[in-house]
């Protein structure tokens, strides 16, 4: 049974490699932009002495960012799980970090810090949100029966936290690690693309871009992917083990809903947590002791956009960039969601076919986007198509997981109703599955939207030379610090607004 | 109040207790004018149909919930005090073992929570595990045990602090009839060892009569006590008791009370 599955998996891999080899050997894709695997391996072997110094620097930065980001996320998560006020206060930070296109703050980090610190900081920022959410959910969604056991033994909230909550949260947190480990690598690579130091996988890739050596680019891209996939697999195995010994079959895992409360009260909390983000920003600049010419406070950004003599021209440039970037991000998001929906439906109708595609979908999730983009550009050129492909490749996986979970969790009784009246799988899907998965589609859109924006910006930054990504690049070249900070700030704001807006639709769809 | 106190307490007084819940705007009377008392070292059984508030009453006695009106006391103090002093033992309907802890560590948990040293009580823990027949499974995780074994581990855990008041919420509800009878015998044996004041919630008339000194029959909507019946049989009670006419007479009487309680609603 399992052996048959392994054999089938090996066969699928062999076929794919064979087809790839053929496509590459006869230069069938984009005039040789897709090298055959044998060339990639040969090139990798030739470059083998280049890899260790680059890889070790990248791994060290990503690893440090992973550790620091997770420590902060867990501490803040524990505090937030315990006190609602803290949760409201930190919500703004969490939402911003979740929605922000990481690349937008790369220039800011390069201004503020030197050496490998920007890489570590961005890796930490990329890691924060999944772990933070998992900590809160893990600490809160404890089995109430276990809480009662501690309470009747005379324990109060402190004892519940010590004996139950901590241990219950561990599997949730480790599960988040498997998502945040590839994210740490992504953050590090993004900063390495921003230039600066001599070593790092991203630096190596950037340096190889102009060499007309696709095999080397593929070697670097695949190396980054394998590292990310290994990190993912490692935490997946640990999480599975932990879950087996820590969640009995009867444990309920209630999803934590956001708190209710009156309108003015909630609005107040929104302002409070937004103010907290701005305060954090201003205080950090003060603590770093940066010159106000280079480091712009929240107020300076507002001035730059309103009362500065060139404010009107600045605003025009900014709006032009958004007019180029946002429609593409939307297009990419829609394409990614559609691709996810189609594959989820196929998986539902032809489970065997779906199962052999699934591992590749999983790998696509761990692929570090910056390492992927040059390869996509090689194949698809430097226009809209490449950007959309980048977008699809980053939005596809989370959407696919969300949608197929919704399709699979349709109540068996409802499917029975359809089959009793003579309908097959397709009718069941049409009348029960698809209508039931509309809310999941909204959720998928909310999760994928920030990734779509990030995808477009990376493509613009590295390849197409349009929109926000390009504006960011240009401003760095011109030392236009005001614009650098403005792009960073507004893109976070826009991303937060978009996700919140989709969130409203999501809540309506769930009614 | 130390654990070494040989003359332990546990005198129970419940008078005119009311507990209401609000469900979608409707007020549900879970308990209405409930009064009950039990001297130190007695065994009370609560029987009644589903929804009669048995478990609610137990949660009130455990100090996990507060009544809307009326008073509960244990040795003249509110139940929460007994709970915080670590002198309460509870076995729930569900064994609720910590899935990441072995049997011995699960049994030790109440000691840890009440800040007592586990090392000082190793003998007692081992003794309790032996008493419930789990000596061969000391280091097994709950996932590796059968339903009956988990339930026995939960009972050992309820007894580990040598509580003055033992609350049992249908601890054998999920077991089959044969295992249930065995467990009833075991429980009697374990209980006789130290005789904490015990309140047992159960669906089973047979279980109630076999184990208790007094049986309180409850009815649903609103949850109230219909009658309290004394059980005169000598201890230790043997399985043969289940086949005597006296036993059946009492069981039939309780059964009538239960049904009248349902029909007069």
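Residue numbers (the numbering used here), protein chains in the order written: chain A, 6 to 516; chain B, 1263 to 1527.
Quick reminder that beta carbons are idealized off the backbone N, C-alpha and C, glycines included.
Quantities reported herein were computed from a predicted structural model and do not represent experimental measurements.
When 8 Å is used as the limit between beta carbons, residue 51/A is near no residue of chain B, the shortest such separation being about 50 Å. In the three-state scheme derived from DSSP, where H, G and I count as helix and E and B as strand, residue 1296/B is classed as strand.
Counting C-beta atoms within 10 angstroms of its own C-beta, residue 101/A has 16 or more neighbours from the protein chains shown and is therefore classed as buried. Of the residues 1460/B, 1359/B, 1326/B, 1357/B, the one whose Cα lies closest to the Cα of residue 1341/B is 1326/B. In summary, residue 270/A is exposed, with fewer than 16 beta-carbon neighbours lying within 10 Å of its beta-carbon over all protein chains present. Using a 10 angstroms sphere on the CB of residue 1333/B, the tally of other CB atoms stays under 16, which defines it as exposed. Chain A has no Cβ within less than 9 Å of the Cβ of residue 1318/B. Restricting attention to 71/A, 91/A, 173/A, the CA atom closest to the CA of residue 135/A is found in 71/A. Closest in alpha carbon position to residue 1337/B, among 1275/B, 1482/B, 1346/B, 1491/B, is 1275/B.
For residue 75/A, the enclosing alpha helix (DSSP H) starts and ends at 56-87. Non-local C-beta neighbours of residue 378/A in its own chain, meaning closer than 7 Å and more than five positions away in sequence, comprise 395, 463, 464, 467, 468, ordered along the chain. It is roughly 14 Å from the alpha-carbon of residue 116/A to the alpha-carbon of residue 291/A. When DSSP states are grouped into helix, strand and coil, residue 378/A belongs to the helix group.
Using a CB distance cut-off of 9 Å, residue 161/A counts as an interface residue toward chain B.
It is roughly 50 Å from the alpha-carbon of residue 146/A to the alpha-carbon of residue 34/A. Pairing residue 176/A with residue 247/A gives a Cβ-Cβ distance under 9 Å. Judged by DSSP secondary structure, residue 276/A falls within the alpha helix (DSSP H) whose first and last residues are 268-293.
With the criterion set as a beta carbon lying under 7 Å from some beta carbon of chain A, the members of the stretch 1343-1370 of chain B are 1345, 1346, 1347, 1348, 1350, 1352, 1354, 1356, 1358, 1360, 1361, 1362, in sequence order. For residue 1324/B, at least one C-beta of chain A is nearer than 9 Å to its own C-beta. In the DSSP assignment, residue 1461/B is bridged to 1306/B, 1429/B. Where residue 1446/B is concerned, the enclosing alpha helix (DSSP H) starts and stops at 1439-1456. By the rule that beta-carbons nearer than 9 Å mark a contact, residue 243/A does not touch chain B. Each of 1495/B, 1444/B, 1278/B, 1351/B was checked against the Cα of residue 157/A, and the nearest Cα belongs to 1351/B.
Counting only residues of its own chain and dropping the five nearest sequence neighbours on each side, residue 510/A has a CB closer than 6 Å to the CB of 447.
The beta carbon of residue 1374/B falls within 9 Å of a beta carbon belonging to chain A, placing the residue at that interface. Residues of chain B with a Cβ closer than 8 Å to the Cβ of residue 164/A are, in chain order, 1375.
One Cα belongs to residue 1422/B, the other to residue 507/A, and the distance between them is close to 53 Å.
Look at residue 1285/B here: in three-state DSSP terms it is strand. In this structure, the beta-carbon distance from residue 481/A to residue 212/A does not fall below 9 Å. In terms of Cβ geometry, residue 239/A and residue 501/A do not form a close pair [threshold 9 Å]. Looking at 1344/B, 1315/B, 1320/B, 1313/B, the one whose alpha-carbon comes closest to that of residue 1270/B is 1344/B. In chain order, 1362 make up the part of chain B whose C-beta sits under 7 Å from the C-beta of residue 172/A.
The stretch 400-410 of chain A makes no contact with the stretch 222-236 of chain A; the number of CB pairs closer than 8 Å stays below 3.
Distances from the alpha-carbon of residue 191/A to those of 132/A, 182/A, 169/A, 159/A put 132/A closest. Among the bridge pairs identified by DSSP, residue 1467/B is matched with none. Nearest neighbour of residue 1486/B by Cα position, chosen from 1301/B, 1410/B, 1309/B, turns out to be 1309/B.
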